[in-house]
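Numbering-wise (the working numbering), the sequence shown opens with residue 88 and increments by one. Here the structure is laid out as structure tokens; the discussion comes afterwards.
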Amino acid sequence: MGSRRNDIDWLRTLASYLVLIYHAAQFFDYQKKTYFKNAELSEALDYFTRFVHLWHMPLFFLLAGWSSNSSLNSRGTRGFLSERVQRLFVPLTFGMTLLCAPPKWVEFRNGLWKTTSAGEQITKSGSVSFITFLQEYYYPEGITWGHLWFLIYLFTFSLLYLPLLWLLSKSSFSESALYKWAKVVTNAPVVLLACVQLGLRDRWPGYQNLVDDWANFWFYSTFFIAGFCLAQFAIIEDHLLFRCKRNGILGFSACLIYIIRHRLSELDSKPDSVQHILSAVGAWYVVCFLLPLARQTLADTPAPAFWANNAFPVYVIHDVPLCLVAEFELRRWDSSVGKKFVYSGVAALLSSFFFLFVIARRVWLFRVLLGMKSSSPVPTKYHPKSQ
């Protein structure tokens with residue numbers, strides 16, 4: 088079952104820091120999904136963000152499902168819920184109250200801030216001070232979870248699916264039955280994901296608002312529950328190891344075709360049915376490639392404690408320094424895209440570390456608000472069950 092493992096720690100750590108790199112790259116891509124756009128854009132970074140977008144959050148939710156299995160089995164339902172509140176709800180509340188305001192202020196200054204009033208999207212803008220902007224932010228139509236939307240979705244999934252997760256954690260299937268059905272079980276989710284994309288994605292393209300975002304809700308629910316099952320039933324995970332190369336070919340081929348088809352289109356129109364299927368295939372099989380790849384290459388090597396222990400708090404706070412660097416330095420700096428991209432990412436990372444080590448780790452309240460652990464359990468190597 089889902090014990091703490093080196094390879095899973097590696098994936099979780101790398102995925103967390105990839106969020107910062109992805110957000111920095113968004114300043115220079117062709118898409119309109121961020122609060123700042125550089126005057127000069129980059130085709131290479133546009134390819135990069137489109138590729139990462141296809142599988143990055145699915146990987147996050149699958150790893151979250153894996154961690155939920157470990158937490159539920161070790162803590163029980165009451166301890167699991169307590170841990171979810173401390174590690175998800177508290178940082179989310181803190182982030183919505185303070186950390187998500189600066190990025191929205193930058194968005195406001197750039198004329199990109201949209202609020203919903205009476206069911207209509209209203210764009211607001213203005214060169215106002217941060218304090219003045221807070222008068223707009225602290226209203227139901229203004230306050231947001233921004234880049235922390237992953238936390239509210241994961242918290243909701245943890246509560247909503249707890250009865251199912253508990254039943255799965257107590258279930259027992261014979262190894263012969265699991266082995267017999269492993270091929271079906273490891274491929275069936277892609278059919279479900281394709282149905283979600285085909286049936287829901289055009290209506291709900293991805294608002295990350297939880298209450299009216301049904302394509303994302305069911306898409307990420309599938310990965311969350313799949314991650315829990317992979318941690319619970321080792322034979323199913325073993326099957327991914329046997330199909331690692333094939334899954335990689337399927338996943339990366341689907342992502343490549345998706346990106347090429349999208350970039351060849353002269354108009355940035357809604358994805359067609361082929362694109363929906365490709366996005367489902369790409370997301371599922373890339374994740375099903377990365378999981379066994381990490382197990383093959385990283386199971387015996389612990390993730391560096393410094394990077395692993397700070398991955399989650401950096402994810403929570405990184406968008407604040409990143410948005411300020413973009414607004415007050417990148418905008419005024421006449422330099423190449425490459426230099427700006429590297430500078431923004433490094434500056435945001437170092438600023439996040441500075442806050443963590445100079446302030447947060449010395450103040451108990453900040454450690455609680457950021458969901459930081461006082462100590463971390465020692466990860467273990469992967470030890471396959473006897474067949």
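By construction, the Cβ of each residue, glycine as well, lies at the ideal position given by its N, Cα and C atoms. All values reported here derive from a predicted model rather than from experimental measurement.
Residue burial is scored here from C-beta neighbours: residue 299 has fewer than 16 other C-beta atoms within 10 angstroms and is therefore classed as exposed. Note on residue 283: 16 or more other CB atoms within 10 angstroms of its CB, so buried under the neighbour-count rule. Distance from the CA atom of residue 200 to the CA atom of residue 439, rounded to whole angstroms, is 24 angstroms. In the three-state DSSP reduction, residue 288 falls in the coil class, being neither helix nor strand. With fewer than 16 other Cβ atoms from the protein chains shown falling within 10 Å of its own Cβ, residue 225 counts as exposed. Annotation for residue 115: 125, 128, 129, 132, 424 and 428 place their beta carbon closer than 7 angstroms to its own, counting only its chain and skipping 5 residues before and after. Rounded to the nearest whole angstrom, the C-alpha separation of residue 294 and residue 145 is 16 angstroms. By the criterion of a C-beta distance shorter than 8 angstroms, residue 313 is surrounded in its chain by 149, 152 and 276, once the five residues flanking it on both sides are discounted. When secondary structure is reduced to three states using DSSP, residue 92 falls in the strand class. Residue 415 and residue 228 have their C-alpha atoms spaced approximately 27 angstroms apart. Residues 317 of the same chain have their beta carbon placed closer than 6 angstroms to that of residue 324, with the five preceding and five following residues left out of the count. Non-local beta-carbon contacts of residue 273 in its own chain, meaning distances under 8 angstroms to residues more than five positions away in sequence, involve 323, 326, 327, 330 and 375 in chain order. Note on geometry: alpha-carbon atoms of residue 365 and residue 309 lie some 17 angstroms from one another.
Cβ-Cβ separation between residue 377 and residue 98: approximately 7 angstroms, consistent with a contact (criterion under 8 angstroms).
With a cutoff of 9 angstroms on beta-carbon distance, residue 193 and residue 434 are scored as not near each other. With a threshold of 16 other beta carbon atoms within 10 Å, residue 262 falls short and is exposed. Spatial neighbours of residue 373 in its own chain (CB-CB distance under 6 angstroms, excluding positions within 5 residues in sequence) are listed in chain order as 142 and 338.
Between the C-alpha atoms of residue 123 and residue 410 there is a straight-line separation of about 8 angstroms. Residue state for residue 200 is assigned as strand, using DSSP reduced to three classes.
Along the length of the stretch 369–431, whole alpha helix (DSSP H) runs at least 4 residues long occupy 392–404 and 406–415, reported in chain order. Contact check for residue 223 against residue 181 fails: the beta carbons are separated by 9 angstroms or more.
Judged by DSSP secondary structure, residue 144 falls within the alpha helix (DSSP H) whose first and last residues are 130–171.
A Cβ-Cβ separation of about 23 angstroms leaves residue 111 out of contact with residue 369 under the 8 angstroms criterion. Residue burial is scored here from C-beta neighbours: residue 96 has at least 16 other C-beta atoms within 10 angstroms and is therefore classed as buried. With 16 or more other CB atoms across the displayed protein chains lying within 10 angstroms of its CB, residue 94 is buried. The straight-line gap separating the alpha-carbon atoms of residue 163 and residue 220 is approximately 44 angstroms. Between the stretch 183–191 and the stretch 230–239, the count of C-beta pairs closer than 8 angstroms reaches three or more; the two stretches touch. Apart from sequence neighbours up to five positions away, the residues of its chain that approach residue 305 with a beta-carbon distance below 6 angstroms are 283, ordered along the chain. If the five residues before and after residue 238 are omitted, its C-beta is found closer than 6 angstroms to the C-beta atoms of 175 and 179, all from its own chain and listed in chain order. Across the structure, residue 267 and residue 249 are spaced so that their CA atoms are roughly 27 angstroms apart. Put simply, of 367, 320 and 177 the residue whose alpha carbon is nearest the alpha carbon of residue 241 is 177.
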